[in-house]
Amino acid sequence: MYQIKLANGKTFTSKDNETIFQAAQKEKIYLNHSCLNARCSSCKVKITSGNYVILQEESVLTKEEREQDFVLSCNTLAKSDLELDVEDLGDLEIYEKRTIPCKINMITRLNENVVKLELRLPPNQSFKFHPGQYVNLIKGTTKRSYSIANNTKEDGSLDFFIKNYQGGVMSRYFFEEANENDLLRLEGPLGTFFLRDTEKPLLFLATGTGIAPIKAIIEQIIASNLYKNRKITVLWGGRNEEDFFWGLDFSNEHIKLIKTLSRPTINWNGATGYVQNVAMEVIKDIENYQVYACGSNNMINDANKVFIKNGLPENQFFSDAFVITK
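Note that the numbering used here has the sequence shown beginning at 33, numbered continuously upward.
Structure (structure tokens):
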């Protein structure tokens with residue numbers, strides 16, 4: 033048994049065959065995470081003392097991060113007592129993961145590559161989640177992860193933005209076969225991509241359908257009046273105008289939405305470039321912000337690197353990388 037100590041002084045023990053994440057969760061100490069299969073960087077931690085082994089190559093980490101003893105907590109075993117430069121989620125309520133039946137209430141084609149899916153739950157079932165979290169949707173033996181695209185609604189229904197991936201089993205179902213009242217199963221809530229208790233100005237970055245959990249968080253902010261007396265900026269990036277599949281309207285003077293294209297046409301009058309680069313153009317005091325990024329691993333890793341280089345504390349960057357599974 034090894035003792036693992038966090039930066040805030042909390043400790044837990046780990047067996048030889050337990051990952052850092054598993055050992056922490058066993059003692060109800062919750063660390064940032066998302067996919068839990070070493071394909072994203074949400075559970076990245078820095079080991080400041082001790083010996084460890086990783087289970088598989090951590091390609092989502094940069095060479096510099098690996099050299100500085102950053103690892104993925106879901107993919108790392110302790111081989112001695114460890115000290116980590118990371119804190120847990122504290123007293124934030126963690127909702128228990130459940131598997132419940134659900135039915136398709138409505139499915140709407142938003143463009144060639146995205147549909148909006150609305151699911152309804154059984155009348156006797158309540159489903160608690162933090163806006164920004166995701167679930168696994170299960171059809172038969174096929175399971176895929178999708179972020180919830182709404183704040184809690186009175187009728188309990190859940191919205192999702194589903195992207196069409198060529199050759200994807202679940203994509204084919206939702207785009208070609210799905211019908212209203214089809215029965216699915218839902219597993220969740222999952223992940224730790226949700227709003228922290230802070231009074232800092234907020235920056236949200238999204239690419240593609242990565243806008244889904246950010247939309248949910250913004251709805252929560254508006255419903256709870258959490259926007260007062262601070263700046264909130266949302267940057268949504270795409271390659272072309274068709275990628276902006278949803279007509280977002282936050283209807284709030286405190287929240288600024290900027291759409292940016294990496295491959296703009298001559299008729300595009302908005303921002304151009306990658307979201308992380310546009311962010312550095314419009315925000316001059318990134319060190320004071322709390323940042324939430326959702327979308328491709330490349331965007332998240334680049335944003336993390338650029339922002340930290342410009343003064344953002346590592347513990348003020350939260351991310352949820354979309355991992356493609358066909």
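Note that CB positions come from ideal geometry on N, CA and C, so glycine has one too.
Item: Please classify Thr-140 as buried or exposed, where buried requires at least 16 other C-beta atoms within 10 Å of its C-beta.; Value: exposed
Item: Would you kindly check if the distance between the Cβ of Ile-249 and the Cβ of Phe-226 is under 9 angstroms?; Value: yes
Item: Give the DSSP-derived three-state secondary structure of Gly-302 in the structure shown.; Value: coil
Item: In this structure, does DSSP put Lys-179 in helix, strand or coil?; Value: The question names Lys, but residue 179 in the sequence shown is Ser. DSSP places Ser-179 in strand when its eight states are reduced to three.
Item: Which word fits Thr-241, buried or exposed, when buried means at least 16 other C-beta atoms lie within 10 angstroms of its C-beta?; Value: buried
Item: DSSP has Asn-143 in a bridge; who is on the other side?; Value: Asn-143 pairs with nothing; no bridge assigned.
Item: Inspect the beta-carbon positions of Asp-120 and Ile-61 and report whether they are closer than 9 angstroms.; Value: yes
Item: Who pairs with Gly-270 in a beta bridge, going by DSSP?; Value: Leu-293
Item: Which value, in whole angstroms, describes the spacing of the CA atoms of Arg-217 and Ser-81?; Value: 43 angstroms
Item: By a C-beta neighbour count over all protein chains shown, 10 Å radius and 16 as the cutoff for buried, is Pro-345 buried or exposed?; Value: exposed
Item: Please report the straight-line C-alpha distance between Trp-300 and Ile-180, rounded to a whole angstrom.; Value: 30 angstroms
Item: Keeping to the same chain, check which residues put their C-beta closer than 6 angstroms to that of Asn-156; ignore five residues upstream and five downstream.; Value: none
Item: What residue does the beta strand (DSSP E) around Ser-328 start on, and which one ends it?; Value: It is not in any beta strand (DSSP E) - Ser-328 carries neither H nor E in the DSSP assignment.
Item: With three or more beta-carbon pairs closer than 8 angstroms as the criterion, would you say the region 246 to 264 touches the region 277 to 293?; Value: yes
Item: For the beta strand (DSSP E) that contains Pro-221, what are its first and last residues?; Value: 215 to 222
Item: Quick one: residues in its chain with C-beta nearer than 6 angstroms to the C-beta of Ile-52, no 5 flanking neighbours on either side, listed in chain order?; Value: Ser-105 and Thr-108
Item: Where in the region 79 to 140 do unbroken runs of the alpha helix (DSSP H), each at least 4 residues long, occur, reported from the N-terminal end onward?; Value: 95 to 99
Item: For Asp-281, which of Ile-340, Glu-274 and Ile-254 has the nearest alpha-carbon?; Value: Ile-254
Item: Per DSSP, Gln-322 forms a beta bridge with which residues?; Value: Leu-234
Item: As a quick exercise: from Val-323, Glu-50, Leu-258 and Lys-129, pick the residue whose alpha carbon is nearest that of Val-85.; Value: Glu-50
Item: Should Leu-293 and Asn-272 be called a contact, given that it needs their Cβ atoms to be closer than 9 angstroms?; Value: yes
Item: Spell out a yes or no on whether the region 230 to 239 and the region 181 to 194 are touching, meaning 3 or more CB-CB pairs, one atom from each, closer than 8 angstroms.; Value: no
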